[in-house]
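Order-wise, the sequence lines are chains C and G.
Per our numbering, the first sequence runs over residues 930 to 1165.
Per our numbering, the second sequence runs over residues 930 to 1165.
Where is the CB? At the ideal position from N, CA and C, for every residue including glycine.
Treat the numbers as computed from the prediction; the structure is a model and nothing was measured.
2 protein chains.
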Amino acid sequence: MTRKAVVLLSGGLDSTTTLAIAKSQGFQPVTLSFDYGQRHRVELARAAKIARCLGAAEHRVLKIDLAALGGSALTADTPVPIGRSEAEMSAGIPSTYVPARNTIFLSFALALTEVIGAHDLFIGVNAVDYSGYPDCRPEYIAAFEKLANLATKAGVEGDSPFKIHTPLIDLTKAEIILQGLSLGVDYGLTHSCYAPDEQGVACGVCDSCLLRLKGFREAGAKDPVAYRDAGGPHPS
Amino acid sequence: MTRKAVVLLSGGLDSTTTLAIAKSQGFQPVTLSFDYGQRHRVELARAAKIARCLGAAEHRVLKIDLAALGGSALTADTPVPIGRSEAEMSAGIPSTYVPARNTIFLSFALALTEVIGAHDLFIGVNAVDYSGYPDCRPEYIAAFEKLANLATKAGVEGDSPFKIHTPLIDLTKAEIILQGLSLGVDYGLTHSCYAPDEQGVACGVCDSCLLRLKGFREAGAKDPVAYRDAGGPHPS
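Written as structure tokens, this is what we have:
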């Protein structure tokens, strides 16, 4: 019997690879995206298309009001950093940090997992090329899994505990890309840029674009998406 | 210096008492309510009034889409149970259980706490007269506090850890009421009923009304709110 699993899907490279891995492990994925007032809204359209193309059983979008809380360059009207070196990126938690974002996302995913009677939840967090976000670390995920089993009717009364799967957590971006390619993922569907133009074309110079391009370089593969800057990235 | 604290405020008896306690401890409360598609929407108007009357520094309402997840008599179109005995109430997790609700609420509260630069968060959970909800237990709260300190920029980089205050957790409903009365709380402002009529008048027979009325009886106090059933509750 195929088991259902909830897969958090942003439409980016990591979550798309995670979806492909969940499928390859025999799960029937129910994908979940959030409309949280993000400035890079092209993500949402990509996520829906990816869910369809990769064979999700169902795709859900939940609207939540993170922007009302304020506090991040990803939802507020402050510029996202561009052209940063790796040293600069790893020097601290960046302005694109959204307070408690993964905790909020995982909470909703947990609710959905319980509602559909599943026990498995996939999230594409990554502690290697993680851009400095605290809620992408293994100890954070372990704490949430423990919480999930204390929080819920299914965890308390059920015979099968919740499991949070983080298949990318120890992989470099290049290893993630190689694993996705081996599973047939079309990365042309994905979107990573924090500052796309109105047509959704990636900038090539924000932290997310730079990490992605570096990953493709190290994987010896060509990134199929287009970038605004025809001369390529310039992380001087 | 007065410290800010986020207080989750539903407009019910417990959260209102919690707000009064936070004030009495010298905190400057920022109250947070959720518009989550609850059927008893009178709560939201009461919460705003309570925040004003009890002197909150600020009152925020976040709209979240719990109803889109389904799975609870509090948001879905299934009847709430009425007229249950205490034995029936304590026989398991009721249909009014909302999957992962406190986890979702606490996640947003955590985000707000971080955004306003606070470190303290109050929630009026209660493990005694708790109606069988798993996410009201001390071990659940401890797990969330641990998570909060792993999840956030403030928890990781800050010098002061997050603290989740649960001043009601070990109190009976009667003890909660006595404490609130000693702090001058006007319980006529509060709303507890799961199934109010269109004017917001409480039914007197749902689990929440029955627990409330029992609390007032045991406290030797009169509940100032009106009930639909003029003959009073009939928990037989």
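Legend entry - First through last residue of the beta strand (DSSP E) which encompasses Asp-964 of chain C: Looking at the DSSP string, the run of the beta strand (DSSP E) that includes Asp-964 of chain C is 957-964.
Legend entry - Within 8 Å, strictly: CB atoms of Phe-903 of chain C and Thr-1042 of chain C: For chain C, the structure presents residues 930 to 1165; residue 903 of chain C sits outside this window and is missing.
Inset, instruction - For chain G, find out if any of its Cβ atoms is closer than 8 Å to the Cβ of Phe-1051 of chain C; answer yes or no. - result: For Phe-1051 of chain C, the answer is no, since every Cβ of chain G falls outside 8 Å of its Cβ.
Inset, instruction - Quick one: list the residues of chain C neighbouring Phe-1091 of chain G, beta-carbon separation under 9 Å, in chain order. - result: Using a Cβ-Cβ cut-off of 9 Å, Phe-1091 of chain G is close to nothing in chain C; its nearest Cβ partner there is about 10 Å away.
Inset, instruction - Give a yes or no on whether the minimum CB-CB distance between Ser-1036 of chain C and chain G is below 8 Å. - result: Taking Cβ atoms only, chain G reaches closer than 8 Å to Ser-1036 of chain C, which makes this a yes.
Inset, instruction - Check His-1123 of chain G in the structure and name its three-state DSSP category. - result: Sequence check: residue 1123 of chain G is Tyr here, not His. Taken through DSSP and simplified to helix, strand or coil, Tyr-1123 of chain G comes out as coil.
Legend entry - Interface residues of the segment 977-999 of chain G facing chain C [CB-CB below 8 Å]: Taking 8 Å as the upper bound on Cβ-Cβ separation, chain C lies near residues Arg-989, Leu-991, Lys-992, Ile-993, Asp-994, Leu-995, Ala-997, Leu-998 and Gly-999 of the segment 977-999 of chain G.
Legend entry - Buried/exposed call for Pro-1096 of chain G, threshold 16 Cβ in 10 Å: By the 10 Å Cβ count, Pro-1096 of chain G comes out buried.
Inset, instruction - Report yes if the C-beta distance between Ala-949 of chain G and Leu-983 of chain G is below 8 Å; otherwise report no. - result: The Cβ atoms of Ala-949 of chain G and Leu-983 of chain G sit closer than 8 Å to each other.
Inset, instruction - Identify which residue in C:Ser-962, C:Thr-945, C:Val-1085 and C:Gln-957 has its Cα closest to the Cα of Leu-1035 of chain C. - result: Distance check between Leu-1035 of chain C and each of C:Ser-962, C:Thr-945, C:Val-1085 and C:Gln-957 places C:Ser-962 closest, using alpha-carbon atoms only.
Inset, instruction - Report the rounded CA-to-CA distance for Ala-1071 of chain C versus Gly-1129 of chain C, giving the unit in angstroms. - result: In a straight line, the C-alpha of Ala-1071 of chain C is about 35 Å away from that of Gly-1129 of chain C.
Inset, instruction - Compute the beta-carbon to beta-carbon distance between Pro-958 of chain C and Ala-985 of chain C, rounded to the nearest angstrom, for a pair I have assumed lies under 8 Å. - result: Going by Cβ atoms, the distance from Pro-958 of chain C to Ala-985 of chain C rounds to 5 Å, so yes, they are a contact pair.
Legend entry - Helix, strand or coil at Cys-1065 of chain G according to DSSP, with G and I counted as helix: When DSSP states are grouped into helix, strand and coil, Cys-1065 of chain G belongs to the helix group.
Inset, instruction - Under 8 Å by Cβ, that's how I've got Arg-1141 of chain C and Lys-1102 of chain C pegged, so tell me the actual separation to the nearest angstrom. - result: Between Lys-1102 of chain C and Arg-1141 of chain C the Cβ distance is about 7 Å, and since that is below 8 Å, they are a contact.
Inset, instruction - Assign Arg-970 of chain C to buried or exposed, taking buried as 16 or more other Cβ atoms, counted over all protein chains shown, within 10 Å of its Cβ. - result: Arg-970 of chain C should be labelled exposed.
Inset, instruction - Give me whichever residues DSSP pairs with Asp-1049 of chain C in a beta bridge. - result: According to DSSP, residue pairing for Asp-1049 of chain C in a beta bridge involves C:Lys-1092.
Legend entry - CB-CB length for Ile-1052 of chain C against Ile-1093 of chain C, believed under 8 Å: Contact flag correct, Cβ pair sits at about 7 Å.
Legend entry - Helix, strand or coil at Cys-982 of chain C [DSSP, three-state]: Helix at Cys-982 of chain C.
Inset, instruction - Identify the contact partners of Thr-960 of chain C in chain G, using a Cβ-Cβ distance below 7 Å as the criterion. - result: By Cβ distance, chain G contributes nothing, its closest Cβ being about 14 Å from Thr-960 of chain C, past 7 Å.
Legend entry - Short CB-CB distance (under 8 Å) between Thr-1032 of chain C and chain G: At least one CB of chain G lies nearer than 8 Å to the CB of Thr-1032 of chain C.
Legend entry - Every unbroken beta strand (DSSP E) within the segment 1101-1157 of chain C, with a cutoff of 3 residues, ordered by chain: The DSSP assignment places no complete run of the beta strand (DSSP E) inside the segment 1101-1157 of chain C (cut-off: 3 residues).
Inset, instruction - Specify the secondary structure class of Val-990 of chain G as computed by DSSP and reduced to three states. - result: Strand, per DSSP.
Inset, instruction - Could you confirm whether any beta carbon from chain G is found closer than 8 Å to the beta carbon of Leu-973 of chain C? - result: With its beta carbon at least 8 Å from every one in chain G, Leu-973 of chain C lies outside the interface.
Legend entry - Distance, Ile-1106 of chain G Cα to Phe-1145 of chain G Cα: Taking the CA atoms as reference points, Phe-1145 of chain G sits about 7 Å from Ile-1106 of chain G.
Legend entry - Beta-carbon neighbours of Asp-915 of chain C, restricted to chain G and to distances below 7 Å: Residue 915 of chain C lies beyond the range of chain C shown here (930 to 1165); nothing can be said about it.
Inset, instruction - Return the CA-CA distance between Tyr-1116 of chain C and Lys-952 of chain C, expressed in angstroms with no decimal places. - result: So the two alpha carbons sit approximately 16 Å from each other.
Inset, instruction - Compare the C-beta of Ala-1047 of chain G with all C-beta atoms of chain C and state if any pair is closer than 8 Å. - result: No, its Cβ sits nowhere closer than 8 Å to a Cβ of chain C.
Inset, instruction - Might you give, ordered along the chain, the residues of its own chain that have their beta carbon closer than 8 Å to the beta carbon of Ile-1045 of chain G, omitting 5 neighbours on each side? - result: Sequence-distant partners of Ile-1045 of chain G (beyond 5 residues in either direction) whose C-beta falls short of 8 Å from its own C-beta, in its chain, are Lys-933, Val-935 and Val-959.
Legend entry - For Glu-1127 of chain C, the nearest candidate out of C:Glu-1104, C:Asp-1099, C:Leu-1110 and C:Tyr-1156 (CA to CA): The shortest C-alpha to C-alpha distance from Glu-1127 of chain C to any of C:Glu-1104, C:Asp-1099, C:Leu-1110 and C:Tyr-1156 is the one to C:Tyr-1156.
Inset, instruction - Could you tell me which residues DSSP puts in a beta bridge with Leu-1180 of chain G? - result: Limits of chain G in this structure are 930 at one end and 1165 at the other, which puts residue 1180 of chain G out of reach.
Legend entry - Extent of the continuous alpha helix (DSSP H) run through Leu-1097 of chain C: Counting along the chain, Leu-1097 of chain C falls outside any alpha helix (DSSP H), and DSSP gives it neither H nor E.
Inset, instruction - Taking all protein chains shown into account, decide if Pro-1162 of chain C is buried (16 or more other Cβ within 10 angstroms of its Cβ) or exposed. - result: Only weak support is given to the placement of Pro-1162 of chain C: the predicted model assigns it a pLDDT of 47, under 50, and the value that follows is read from those uncertain coordinates. Residue burial annotation: Pro-1162 of chain C is buried, with at least 16 other C-beta atoms found within 10 angstroms of its C-beta.
Inset, instruction - Decide if Glu-972 of chain C is buried, meaning its Cβ has at least 16 other Cβ atoms within 10 Å, or exposed. - result: Its Cβ being crowded by 16 or more others within 10 Å, Glu-972 of chain C is buried.
Legend entry - Boundaries of the alpha helix (DSSP H) in which Thr-931 of chain C is found, first to last residue: Judged by DSSP secondary structure, Thr-931 of chain C falls outside any alpha helix (DSSP H); it is assigned neither H nor E.
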